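Q: Protein chains in written order, with numbering that gives the first Met the number 0: chain A, 0 to 144; chain B, 0 to 144.
Following this message is one structure expressed as structure tokens.
2 protein chains.
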Amino acid sequence: MENFLEAAYAEAAAGYAEGGIPIGSVLVHRGKIIGRGHNRRVQKGSAILHGEMDALENAGRLPAAVYRECELYTTLSPCPMCSGTILLYGIPKVIIGENKTFMGEEELLRSKGVQVNVMDDAACYNLMQQFIKDKPELWNEDIGV
Amino acid sequence: MENFLEAAYAEAAAGYAEGGIPIGSVLVHRGKIIGRGHNRRVQKGSAILHGEMDALENAGRLPAAVYRECELYTTLSPCPMCSGTILLYGIPKVIIGENKTFMGEEELLRSKGVQVNVMDDAACYNLMQQFIKDKPELWNEDIGV
């Protein structure tokens, strides 16, 4: 089986190669990736296409029953927007590459019954640190700072 | 000055005329609309373009300082995704057409210091009721039910 966090990281790396913010995500349903995405702020001038949102958008319109059998992999702890989207669709499990760079709404997710696993992945962390060192203003824009 | 809730309603009505889900939104900065949008689930096959998200996306990339001077008008109480986005960007005030059809995360928003005004607007309510009567499955898909 494909390593899903590696697939999310590959999305992040692809975004970085495009000059974008290196955060990637994949939506997995019953052991299969049904949506892949990465942050598109730079590439599409988007205010809402974080990696997780892009993966969900690329998965297309799905019935609620599908989301409830999904796992969402993301290279970075999900912000309030992406966490709210996880709650809207009732995605029961989120696997996070790292949360040292940014601590998202993990507690909110857990309080609503979402299983949250943090992998403390060095590759995810190092890519974000390299990006933030290069472009701190772009990172701040992405998280509303 | 333009009536901003009427502008959000006009977006909702435009979406309905397109065969879509009739929820509209406008983002207002210092008394001027800088983003207009409506739900695009049907029109774009989108899982994330709720009315509020579409208005924010159409406003384009903005620095955090601008969002902090904005008001977001929406015809319907904002779901967890849209509420999370309001929190991500620190939008301080949300004006809601109605919350009888759907009660969103108003308490979460208030708990984080967002001013939330509910207008109990009959036109917003009646449009949603008409839509849900026609297409209940589409409405359920939009709110993850």
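Where a beta carbon is used, it is the ideal one built from N, C-alpha and C, also for glycine.
From a predicted model like this one, the values you see are computed outputs, not experimental measurements.
Starting from the beta carbon of B/Thr-84, find every residue of chain A whose beta carbon is closer than 8 Å, and list them in chain order.
A: Near B/Thr-84 (Cβ distances below 8 Å), the residues of chain A are Ile-47, Pro-79, Met-80 and Gly-83.
Q: So, at 7 Å on beta carbons, what are the nonlocal neighbours of A/Lys-99 in its own chain, with the 5 sequence-adjacent residues on each side left out?
A: Result list for A/Lys-99: Tyr-124, in chain order.
Q: Look up B/Gly-14 in the DSSP assignment and say whether it is helix, strand or coil.
A: Here B/Gly-14 sits in helix by DSSP.
Q: Can you list the beta strand (DSSP E) stretches of 3 or more residues lying completely in the region 16-81 of chain B, in chain order?
A: Segments of the beta strand (DSSP E) lying fully in the region 16-81 of chain B: 23-28, 31-37 and 69-75.
Q: Out of curiosity, what's the CA-to-CA distance linking A/Ser-45 and A/Thr-84?
A: Rounded to the nearest angstrom, the two C-alpha atoms are 17 Å apart.
Q: For a contact meaning CB atoms closer than 8 Å, what does B/Met-52 contact in chain A?
A: Simply Ile-47.
Q: Would B/Ser-76 and B/Met-102 qualify as a contact pair, given that the criterion is a beta-carbon distance under 7 Å?
A: Contact: yes.
Q: Considering just the uninterrupted stretch of the alpha helix (DSSP H) at B/Asn-2, what are its terminal residues?
A: Per DSSP, B/Asn-2 belongs to no alpha helix (DSSP H) and is neither H nor E.
Q: Which of helix, strand or coil does DSSP assign to B/Glu-140?
A: Helix, per DSSP.
Q: If we ignore side chains and look at the alpha-carbon of each, how far apart do B/Ala-16 and B/His-49 end up?
A: The alpha-carbon atoms of B/Ala-16 and B/His-49 are separated by roughly 16 Å.
Q: Counting only the same chain and skipping the five closest in sequence on each side, list residues whose C-beta sits under 8 Å from that of A/Lys-52.
A: In the sequence on display, residue 52 of chain A carries Met and not Lys. Closer than 8 Å at Cβ, skipping near neighbours: Gly-36, Met-80, Cys-81 and Thr-84.
Q: Going along chain B in order, which residues have a C-beta closer than 8 Å to the C-beta of A/Pro-62?
A: Result: Glu-140.
Q: Do B/Ile-33 and B/Ala-58 have their C-beta atoms within less than 7 Å of each other?
A: Closer than 7 Å, so yes.
Q: Quick one: which chain B residues come within Cβ less than 7 Å of A/Tyr-88?
A: Near A/Tyr-88 (Cβ distances below 7 Å), the residues of chain B are Gly-143.
Q: Comparing C-alpha positions only, which one of A/Thr-74, A/Val-93 and A/Ile-47 sits nearest to A/Arg-67?
A: Comparing Cα positions, the closest option is A/Val-93.
Q: Just list the residues that DSSP pairs A/Glu-105 with in beta bridges.
A: In the DSSP output, where bridge partners are listed per residue, A/Glu-105 has none listed.
Q: Quick check: what's the CA-CA separation for B/Leu-26 versus B/Tyr-72?
A: Distance between the alpha carbons of B/Leu-26 and B/Tyr-72 is about 6 Å.
Q: Are any of the Cβ atoms in chain B nearer than 7 Å to that of A/Glu-56?
A: Closer than 7 Å to some Cβ of chain B, the Cβ of A/Glu-56 qualifies, so yes.
Q: Do you know how far the Cα of B/Ser-24 is from the Cα of B/Tyr-8?
A: If I take the Cα positions, the gap works out to 7 Å.
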